[in-house]
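As they're listed, the protein sequences go chains A and B.
Residues 9 to 308 in the numbering used here are what the first sequence lists, from first letter to last.
Residues 4 to 246 in the numbering used here are what the second sequence lists, from first letter to last.
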Amino acid sequence: MTDSFTINGVEIEDTFAEAFTMRGARVIITAVSAHWARVAATVMTGFATSVIGCKVEAGIEHEVPADDTPDGRPGITVLVFTPDSAGLQQRLIERLGQTVLTCPTTAVFDGLPGSTDRMPVGKALRIFGDGFQASKMIGGIRYWRVPVMEGEALVQETLGKVSAVGGGNFLMLAETAEKALEAAEAAVAAMAGMPGVILPFPGGIVRSGSKVGSRRYKSLLASTNDAFAPTLREITATDLPEGVNGVMEIVLDGLDFDSISHAMAKGIPAACIPGVRRITAGNYGGKLGPHHFYLRKIVA
Amino acid sequence: MSLTLTLRATEAIDASSITPGASDFASLPCWVGRQRVALGELFDLRGEPSDDVRVEGDLRRVHGLGTGMSRGVLTVDGDVGDGAGVAMSGGLLRINGSAGDRLGAPLPGASRGMTGGEIIVRGNVGANAARRVRRGLVVVGGDAGPGAAHAMIAGTILVAGQLGAGAGLWSKRGSVIALGAVEIPATYKYACTYRPPYVLVLLRYLARVRQFATKAQCATGRYKRWTGDVADVGKGEILEWTT
């Protein structure tokens with residue numbers, strides 16, 4: 009146990025979250041109403057909690073008022089992350105093609121206009137038009153008009169790609185599982201809508217934190233984080249202090265280091281509620297991931 | 004830099020040499036009638052040569068402004084003559100007035116008109132605007148004369164006012180966006196009435212970036228889509244705003 013400090017009586021362990029370099033994209037989805045934009049974004053970011061099994065991590069960043077979108081309709085931004093560069097383009101083509109192109113009234117725009125690294129995602133999606141597609145250049149940006157049963161689907165030809173950060177995290181160790189959830193919910197609420205960051209797990213929260221590999225099953229890439237599983241306290245090398253009976257984790261992916269850092273600075277204090285015993289973070293000793301989020305630096 | 008026409012033109016002036024990015028403006032050749040004159044003798048020049056050029060004065064008899072321009076901004080304050088933006092390939096030609104015939108059209112005998120860039124005219128334009136345009140955007144705040152978008156290859160012309168007869172005839176893949184009255188040629192076929200998503204993006208771009216506002220109803224309303232010219236490739240369209 010290293011030097012810790014407290015917020016609202018909750019011990020903050022002096023450790024760091026270890027995160028990895030990923031490739032990230034921001035997609036702006038607009039629709040006839042905020043409802044339909046959110047429907048598309050929700051479906052697009054489904055089954056995208058962890059690259060371990062989903063190949064991609066994605067989430068809703070925030071809503072965009074109609075006044076600030078390229079077509080003047082209500083919008084929403086989605087962030088998408090993959091471990092590799094080629095994978096990002098492929099996942100975007102699959103997801104936009106199956107979940108947004110299909111969704112009534114939507115249009116797709118790039119949310120990273122400053123990125124010079126471009127992926128021809130709309131250019132790939134256009135062929136759904138079976139030769140009837142047409143392009144339009146507006147203000148130096150090429151869009152594809154894909155004829156569909158509703159009328160036309162509009163997709164920007166290229167989407168920007170940036171080097172991003174995935175796997176920022178912190179864990180709430182509480183007296184009960186309910187308290188851990190309550191703390192995590194408070195943290196998620198505090199971080200909602202912050203720019204450049206998403207929480208890919210259900211409701212932003214993961215109960216089944218994992219460790220790398222498996223002690224028994226060689227083929228598993230990840231298995232249960234037994235050190236934080238309260239039922240295993242006496243039969244494994246536990247990291248749980250006395251009185252802790254439930255743990256929740258929040259994982260953050262961001263377009264850059266600072267986005268995650270700023271979000272954690274909001275989320276961690278919000279999670280310091282009565283019933284939480286300790287807040288800590290997951291790392292691998294600093295050897296695997298190049299990005300280290302020291303809790304002390306972030307919130308102290 | 005800015006150029007102000009000092010001559011009171013009684014003859015046609017060919018000023019097709021005026022394009023953004025030219026180096027020695029004063030010695031650029033112009034034609035007054037059949038006589039070759041240096042640009043410096045017709046225009047009062049101010050500022051350093053740059054990619055942002057402004058032309059002022061009574062320019063109604065000045066033809067060919069922005070011919071072949073490929074970059075930069077050429078702003079014209081007032082009405083201009085024929086052939087503005089002929090064969091331009093890039094940049095922005097902004098005419099804060101009306102323009103004559105053949106706006107953005109090809110050079111005589113050439114197969115292609117404008118191949119890129121934007122032309123924004125606040126007032127009316129004469130005949131054959133956007134003729135044989137291959138790529139790019141032409142925007143007309145007032146009315147367009149007959150034969151607009153004639154034999155258009157691709158690209159877009161938006162007309163806020165009324166379109167003259169024969170708009171879009173022989174167009175291959177061009178888009179004519181008619182916010183005002185338009186006479187649909189017999190070789191255009193009605194497809195549907197819908198809300199074209201790219202028109203929203205275009206109108207918003209024009210309002211925000213080019214300070215060219217259109218009626219709010221044009222963004223919220225529906226458009227009749229006419230496809231043609233079916234006597235040619237037939238992949239073009241006239242989008243007729245219908246409230």
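Virtual Cβ for every residue (Gly too), placed ideally from N, Cα, C.
Everything numeric in this text was worked out from a predicted model, so none of it was measured.
Cβ neighbours of residue i in the same chain (closer than 7 Å, five flanking residues each side left out)
| i | result |
| --- | --- |
| residue 260 of chain A | 176, 177, 205, 207, 268, 271 and 272 |
| residue 84 of chain A | 37, 45, 46, 49, 68, 71 and 72 |
| residue 23 of chain A | 10, 288, 289, 291 and 303 |
| residue 103 of chain A | 52 |
| residue 56 of chain A | 62, 64, 65, 66 and 208 |
| residue 238 of chain B | 175 and 176 |
| residue 279 of chain A | 180, 191, 192, 194, 195 and 287 |
Interface flag, residue i vs chain A, CB-CB below 9 Å
| i | result |
| --- | --- |
| residue 71 of chain B | no |
| residue 242 of chain B | no |
| residue 178 of chain B | yes |
| residue 139 of chain B | yes |
| residue 23 of chain B | no |
| residue 198 of chain B | yes |
| residue 238 of chain B | yes |
| residue 191 of chain B | no |
| residue 159 of chain B | yes |
| residue 170 of chain B | no |
| residue 184 of chain B | no |
| residue 222 of chain B | yes |
| residue 96 of chain B | no |
CB contact below 9 Å: residue i versus chain B
| i | result |
| --- | --- |
| residue 118 of chain A | no |
| residue 18 of chain A | no |
| residue 146 of chain A | yes |
| residue 333 of chain A | Residue 333 of chain A lies beyond the stretch modelled for chain A, which goes from 9 to 308, so this question has no answer here. |
| residue 79 of chain A | yes |
| residue 153 of chain A | yes |
| residue 161 of chain A | yes |
| residue 49 of chain A | no |
| residue 43 of chain A | no |
| residue 197 of chain A | no |
Beta-carbon separation (whole angstroms), residue i vs residue j, contact threshold 8 Å
| i | j | result |
| --- | --- | --- |
| residue 179 of chain B | residue 148 of chain B | Not confirmed; about 14 Å, so no contact. |
| residue 303 of chain A | residue 252 of chain A | In fact, because the Cβ distance is near 17 Å, the residues do not count as touching under 8 Å. |
| residue 131 of chain A | residue 184 of chain A | Contact doesn't hold; Cβ gap of about 52 Å is too wide. |
| residue 119 of chain B | residue 88 of chain B | Between residue 88 of chain B and residue 119 of chain B the Cβ distance is about 11 Å, and since that is not below 8 Å, they are no contact. |
| residue 16 of chain B | residue 57 of chain B | With a Cβ gap of about 17 Å, residue 16 of chain B and residue 57 of chain B do not count as contacting. |
| residue 224 of chain B | residue 246 of chain B | 5 Å |
| residue 124 of chain B | residue 101 of chain B | 7 Å |
Other residues of its chain near residue i: CB distance less than 6 Å, five sequence neighbours each side excluded
| i | result |
| --- | --- |
| residue 86 of chain B | 66, 67 and 105 |
| residue 151 of chain A | 144, 162 and 164 |
| residue 164 of chain B | 145, 146 and 183 |
| residue 230 of chain A | 60 and 218 |
Closest by C-alpha distance to residue i, when choosing among the options
| i | options | result |
| --- | --- | --- |
| residue 69 of chain B | B/109, B/130 and B/209 | B/109 |
| residue 79 of chain B | B/172, B/160, B/8 and B/43 | B/8 |
| residue 74 of chain B | B/55, B/89, B/64 and B/63 | B/55 |
| residue 141 of chain B | B/98, B/113 and B/183 | B/98 |
| residue 168 of chain A | A/287, A/112, A/187 and A/86 | A/86 |
| residue 221 of chain A | A/15, A/65, A/233 and A/243 | A/233 |
| residue 159 of chain B | B/210, B/219 and B/135 | B/135 |
| residue 243 of chain B | B/144, B/166 and B/5 | B/166 |
| residue 174 of chain B | B/182, B/225 and B/229 | B/229 |
| residue 236 of chain A | A/217, A/226, A/229 and A/228 | A/217 |
| residue 112 of chain B | B/90, B/18 and B/100 | B/90 |
| residue 50 of chain B | B/63, B/23 and B/32 | B/23 |
| residue 193 of chain A | A/201, A/211 and A/203 | A/211 |
| residue 205 of chain B | B/189, B/72 and B/121 | B/121 |
| residue 84 of chain B | B/19, B/170, B/237 and B/208 | B/19 |
| residue 247 of chain B | B/217, B/21, B/194 and B/181 | This structure cannot speak to residue 247 of chain B, because chain B is shown only from 4 to 246. |
| residue 168 of chain B | B/215, B/131 and B/25 | B/131 |
Same chain only: Cβ atoms within 8 Å of residue i, ignoring 5 sequence neighbours per side
| i | result |
| --- | --- |
| residue 27 of chain B | 52 |
| residue 9 of chain A | In this predicted model, residue 9 of chain A has a pLDDT of only 48, less than 50, meaning its place in the structure is not dependable enough to derive any value. |
| residue 307 of chain A | 15, 20, 272, 273, 276 and 277 |
Could you name each continuous alpha helix (DSSP H) segment of 4 residues or more that falls completely within the region 180-236 of chain B, going from the start of the chain to the end?
200-212 and 219-223
Can you list, in chain order, the stretches of the beta strand (DSSP E) that have 3 or more residues and sit fully within the region 122-187 of chain B?
140-143, 159-162 and 178-181
Ignoring anything shorter than 3 residues or poking outside the region 101-131 of chain A, list the beta strand (DSSP E) runs there in chain order.
115-118
Can you list the alpha helix (DSSP H) stretches of 4 or more residues lying completely in the region 54-80 of chain B, in chain order?
none
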